[in-house]
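Residue numbers (this note's numbering), protein chains in the order written: chain A, 1272 to 1577; chain B, 1272 to 1577; chain C, 1272 to 1577.
We put the beta carbon where it would ideally sit given N, CA and C, even for glycine.
In what follows, a single structure is set out as structure tokens and then discussed.
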């Protein structure tokens, strides 16, 4: 396990989960575990004097706050914006020029953008590290790392882990990034898709379909995602689908004894609140893990550029 | 007087003025006095490494900035949001889930919410201290503490203090919380209500009515509140009422020699600007006192959980 | 050159470039150079424990972020707002009362306001230093200082420097403040105005007109500004004008060998992207210089009030 002080990465930016080779990924998971210890390690001074810019061209309060908490926990300072209407983009400035400007103010740019590929465009012109915090239907690599981190933390290992992916598997960057990452680390994902919301073909081929009951009985991890009402033309159809993909305390009695439930949040009804108090409920810890995982990412990128 | 380092409270959250027993309240006032000293005490390191989240589900720039200044003066870091439209609440997330998420990122949550009872709902699920910075028509306990603090600071004591409450006493959380607190510390509130804007019955019974002239002659403190135009169906009626509840330099010539004027701000016309330069005008110092009072609250809550 | 630790100014506020006498200006430029050194000097502790408030009554992300970065680089903390709709101004509070409130929370107020003269009104009531970060068509003194700073940095001196001002010279605070400042330091501005967008008469008298080709051949600095489409009644007229005031790589082959190109940014098309990679392109360094220049301003004002 890392002492949190070494550099696990030869990484300069993190815009895709593919930027991480196996060693990078293992290093990040170890380093996140270091930062996740209780009581918290004395890591405050690690990035003292550094400035992280959270450039949110579209709002995402959860992601922004966990990156900002991570930066502060390492002693860095934070500048940023959350409202693209107030930036120079509104005056016709290109993304490239905005990034060059921000790179003159900060030591690292964490960016969220509605357009796929925006983070790669930023990387091409930035003099400081870029972290992709979501580019539309593209990537959100730190979400994938924190998903893997939470599984490993609670199940001890990733290799061989049976992971049931439940809900809307068609839309949503989260699952699309998670499946290849799970396969890479040797986990065994199965899909429990709502009808019409199946995985894209290339992923479905590697991810056997299952029913919710079968998955509950067989899996170590149930990874539940939100089914968005607006995906359905017909409200009744939505209600029917929704009801059959609820993970609740009754279902959990039929799972493996040590199975855990994850969810990228926010949830609506797909994980019943009667699960919250059960030992299986790890989705709030998963959310909390966003901080140590993002500490690991920021520390690794910024030590590099020190 | 406190040296600012001890713990006056067995308090875990502060969502209501009733959370504070007499010892808690006295301890907070002493501690605020410590932080209010000039030159400022070297308190910067007290909350170093801690993160305070300002979760403003409705905007209140004044309250937010004074809490953030208080956190920074103690060396804490701040994350937060001011626009509920950009949070997951907009996607159907419950308040409880949002609070659980924030409690994973920060060491304390200062929350403002438009719905009464929101802070108590938050307290029920939060693993970190909750400070209620206003929940609709509910409570805003640090405002009450800073009102008491400012009176004690300038008048030396609270017991026996005659406090004239002037303006709209019907609406407004501020006065409704202040009256019971004044009674509890042995002060003697009187009410000078605009017609139709009298105190609710249960408070009016403990708070004799007075005219503005009588109150000015008898009181040690005039606590003036804003009369909001939108409460009146008829603009002319508003103008008539408004004009008869103005505290100006001429009125202050008829007050007790050491009487002071307070106002929770913002004011519109109800305290004339010709009062600003008079020694009686303490409303800007009252605003400023929000910082040491909130430092006392944050320090007390966070040392506890250290 | 300053060691960054002395006080170059007897200045209490900075609301106009005219607040700076020649010694103040030279001191600021020297101090900015100190903060601009690579590797960055250990200046983090200089304003530790201080709070800077960025009070943006209208949004300006670029200016706000560079001031906040400057404050953080000096170890100060930052509070602020960017959306006037959420402040008490919306409830009828005067600018003066808002400023008195902020002055109770922070040690310095950096303000942006849509109305000319707002910064001077603030200065009149503030107990802490006011920095004008733009008051409508009024002043934006730190922009002027950073423009001079960038010219001096790359050309070695300001006296005798030939500066071609290109584009919309009629509107825009930037050029109107820059021309008198250039004259004061002994530089020689010439104007290359788009038709109908000439300098106001009093400035034009001191600033000979030129064509873009002549200016390119003669000047040490081309200072290009954006021509805003909305200034033209007729889109075709705009297109014609716009096209004839583009600085591109081809034009730069006809400039003096060491000439540089500046632009306050954001740019649209008036500096072609084929210039970006040329040694002449200094507009991104100019943007970056906003940080050391604003560090110099904040350090000078806040040491004073320590």
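First and last residue of the uninterrupted beta strand (DSSP E) at residue i
i                      : result
residue 1406 (chain C) : 1401-1406
residue 1327 (chain B) : 1322-1327
residue 1388 (chain B) : From DSSP, residue 1388 (chain B) is part of no beta strand (DSSP E); its letter is neither H nor E.
residue 1352 (chain C) : 1348-1352
Whole-Å CB distance - residue i paired with residue j, under 8 angstroms assumed
i                      : j                      : result
residue 1351 (chain A) : residue 1327 (chain A) : 7 angstroms
residue 1527 (chain B) : residue 1490 (chain B) : 7 angstroms
residue 1496 (chain A) : residue 1439 (chain A) : 6 angstroms
residue 1333 (chain B) : residue 1536 (chain B) : 7 angstroms
residue 1530 (chain A) : residue 1546 (chain A) : Residue 1530 (chain A) to residue 1546 (chain A), Cβ: 11 angstroms. No contact.
residue 1516 (chain C) : residue 1465 (chain C) : 5 angstroms
residue 1572 (chain B) : residue 1285 (chain B) : 7 angstroms
residue 1560 (chain B) : residue 1295 (chain B) : With a Cβ gap of about 18 angstroms, residue 1560 (chain B) and residue 1295 (chain B) do not count as contacting.
residue 1605 (chain C) : residue 1399 (chain C) : Residue coverage of chain C in this structure runs from 1272 to 1577, which leaves residue 1605 (chain C) outside it and unanswerable.
residue 1287 (chain C) : residue 1412 (chain C) : 6 angstroms
residue 1507 (chain C) : residue 1421 (chain C) : Going by Cβ atoms, the distance from residue 1507 (chain C) to residue 1421 (chain C) rounds to 35 angstroms, so no, they are not a contact pair.
residue 1416 (chain C) : residue 1299 (chain C) : 6 angstroms
residue 1349 (chain C) : residue 1376 (chain A) : Incorrect: roughly 13 angstroms between the Cβ atoms, too far for contact.
Among the options, the one whose alpha carbon lies nearest that of residue i
i                      : options                        : result
residue 1437 (chain B) : B:1538, B:1567, B:1299         : B:1538
residue 1444 (chain A) : A:1386, A:1565, A:1345         : A:1386
residue 1344 (chain B) : C:1340, C:1323, C:1409         : C:1323
residue 1597 (chain B) : B:1284, B:1423, B:1369, B:1432 : Any question about residue 1597 (chain B) goes unanswered here, given that chain B covers just 1272 to 1577.
residue 1401 (chain C) : C:1338, C:1441, C:1421         : C:1338
residue 1325 (chain C) : C:1368, C:1297, C:1405, C:1457 : C:1405
residue 1408 (chain A) : A:1419, A:1384, A:1430, A:1393 : A:1384
residue 1346 (chain B) : B:1316, B:1354, B:1414, B:1486 : B:1316
residue 1321 (chain A) : A:1366, A:1503, A:1380, A:1308 : A:1380
residue 1524 (chain C) : C:1488, C:1463, C:1506, C:1566 : C:1488
residue 1329 (chain A) : A:1312, A:1308, A:1353         : A:1353
residue 1433 (chain C) : C:1468, C:1532, C:1412         : C:1532
residue 1634 (chain B) : B:1297, B:1553, B:1542         : With chain B covering 1272 to 1577 only, the question about residue 1634 (chain B) has no answer from this structure.
residue 1557 (chain C) : C:1493, C:1373, C:1403         : C:1493
residue 1365 (chain A) : A:1549, A:1389, A:1569         : A:1389
residue 1458 (chain B) : B:1367, B:1312, B:1418         : B:1418
residue 1425 (chain B) : B:1304, B:1565, B:1371         : B:1304
residue 1393 (chain C) : C:1565, C:1370, C:1480, C:1484 : C:1370
residue 1498 (chain A) : A:1476, A:1441, A:1473, A:1486 : A:1441
residue 1291 (chain A) : A:1431, A:1391, A:1452         : A:1452
residue 1446 (chain A) : A:1391, A:1468, A:1376, A:1513 : A:1468
residue 1541 (chain C) : C:1513, C:1476, C:1553, C:1336 : C:1513
Start-to-end residues for the alpha helix (DSSP H) that takes in residue i
i                      : result
residue 1435 (chain A) : Run containing residue 1435 (chain A): none in the alpha helix (DSSP H); it sits in the beta strand (DSSP E), 1433-1438.
residue 1512 (chain B) : 1506-1514
residue 1455 (chain B) : 1444-1455
residue 1421 (chain B) : 1412-1426
residue 1370 (chain C) : 1366-1376
residue 1298 (chain B) : 1293-1307
residue 1331 (chain B) : Where residue 1331 (chain B) is concerned, there is no enclosing alpha helix (DSSP H), given that its DSSP letter is neither H nor E.
Query raised in the report: Got a sec: which bits of the stretch 1518-1544 of chain B sit with their beta carbon under 9 angstroms from any beta carbon on chain C, in order along the chain?
Result: 1536, 1537, 1538, 1539, 1540, 1544
Query raised in the report: Taking any Cβ of chain B, which residues in the stretch 1363-1389 of chain C have a Cβ under 9 angstroms from it, in chain order?
Result: 1363, 1364, 1365, 1367, 1368, 1369, 1371, 1372, 1373, 1374, 1375, 1376, 1377
Report task. At 4 residues or longer, and completely inside the stretch 1464-1493 of chain B: list those alpha helix (DSSP H) runs for me, N to C. Result -> 1472-1475, 1483-1489
Query raised in the report: Between the stretch 1395-1419 of chain C and chain B, which residues of the former have a C-beta closer than 7 angstroms to a C-beta of the latter?
Result: none
Report task. May I ask you to list, following chain order, the residues of the stretch 1548-1576 of chain A that have a beta carbon less than 7 angstroms from some beta carbon of chain B? Result -> 1555, 1558, 1559, 1562
Requested in this report: With 7 angstroms as the C-beta to C-beta threshold (strictly closer), list the residues of the stretch 1476-1506 of chain C near chain A in chain order.
Outcome: none
Query raised in the report: Which whole runs of the beta strand (DSSP E) in the stretch 1522-1550 of chain C are 3 residues long or more, in chain order?
Result: 1531-1533
Requested in this report: Return the residues of the stretch 1449-1468 of chain A that lie within a Cβ-Cβ distance of less than 7 angstroms from chain B, sorted by chain order.
Outcome: none
Query raised in the report: Taking a cut of 7 angstroms between CB atoms, which residues from the stretch 1331-1352 of chain B lie near chain A?
Result: 1348, 1350, 1352
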